[in-house]
Ligand code: SAM
Ligand code: SF4
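Residue numbers (my numbering): 1 to 334.
Structure, rendered in structure tokens:
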């Protein structure tokens, strides 16, 4: 029953990302429409169901759990869930419990998260300009997020900043953001914009700023050392020799990380996606609700992992968004 999860390509599944809500207090233009229709509450996994689901994965060998959304910290009662997951850290079954957040609620929750054993948090921040921040997030306000980040640091959490690279939007802030992160002691990772959701294809291609270009701009100012460190995901890291800073690049549209992929995702409705770029999913909510016993749930997870695909289909190369999937990032979680 507790045998590790190994997929058909001999990849061990040790990393689970779980979206705990599709809701958010921001409306980032690349992620959501301004007037989103959210799911009925009954469709979402309850906090108890999330506990059972994550605990089943932990029993089957998941060592790292990342909570995401939507905005995970707007889910009502979410600290109850974090407190429940802390028991897997305490038992040694889990190496890391972490989250990806827009930072808006961190001032309120940072100390509680630290008390639950969270050590690191990824905060999404695309710009340090208050007006641009308000424009890109539509509903967000920069000072609130900066306060949240400060609260996280004060609580002893390490902060990694994730910035989506957007042509014509934060191109001029590449070095400002980099220097700010160095001053504040944050790691920085750039994410290439992905063809998710239902935004127009033309808009998406307009926003596309390839990370190869960011890298070239860094190389013009700094000596770069490629770091061999691999996370099993789409991130690559370089060190800027002059500042010692580590910079990450997440290029989800390339295929070159699939062979080491160690992760799967669960949506807030309990759909298990074996690959971010493929439509195939397994319903875990039905077995969760069918029985208080976890045998059916575990069987569904194993059956799904047995069909995890070799790789994904995104491709911008012909200037069309081939392999586009219709899900929003806020549904699957980033
Ligand atoms: N609300 C949280 C946040 O913003 O960090 C967690 C969920 S959000 C969907 C996770 C990550 O996905 C964020 O870093 C966000 O910038 C990124 N993201 C959203 N839409 C994206 C897109 N179309 N392409 C690339 N990254 C995207
Ligand atoms: Fe919300 Fe995160 Fe999507 Fe922005 S990227 S709308 S903060 S879920």
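Backbone N, C-alpha and C define an ideal beta-carbon position, used for all residues, glycine too.
Contact set for residue 118: own chain, Cβ-Cβ below 8 Å, skip 5 residues either direction = Same-chain partners within the cutoff: 82, 97, 98, 99 and 157.
Kindly indicate the opening and closing residues of the alpha helix (DSSP H) around residue 101.
-> It is not in any alpha helix (DSSP H) - residue 101 instead sits in the beta strand (DSSP E) that spans 96-101.
Beta-carbon separation of residue 337 and residue 248 under 8 Å?
-> The structure shown has nothing for residue 337, since the chain only spans 1 to 334.
Beta bridge counterpart(s) of residue 190 as assigned by DSSP | 163 and 249
contact_flag[the region 106-113, the region 167-174] where n(CB pairs < 8 Å) is 3 or more | No, the region 106-113 does not touch the region 167-174.
Are residue 18 and residue 67 closer than 8 Å when you measure CB to CB?
-> yes
Proximity test, residue 71 beta-carbon vs the ligand SF4 heavy atom, cut-off 7 Å | yes
DSSP three-state assignment for residue 309, whether helix, strand or coil = coil
Which two residues bound the contiguous alpha helix (DSSP H) that contains residue 132?
-> Residue 132 -> alpha helix (DSSP H) spans 130-137.
When the Cα atoms are used, what is the spatial distance from residue 197 to residue 30?
-> Note that residue 197 scores a pLDDT of 47, beneath 50, so its modelled location is shaky; the value from the coordinates is reported in the next line. Near 8 Å, if we compare the C-alpha coordinates of residue 30 and residue 197.
Less than 7 Å between the CB of residue 101 and some heavy atom of the ligand SAM, yes or no?
-> yes
Among 211, 186, 11 and 159, nearest to residue 193 - alpha-carbon criterion | 211
CB of residue 408 within 8 Å of CB of residue 258, strictly | Since the displayed the chain opens at 1 and closes at 334, residue 408 lies outside it and no answer follows.
Say yes only if the C-beta of residue 170 is nearer than 7 Å to one or more non-hydrogen atoms of the ligand SAM, and no if none qualify.
-> no
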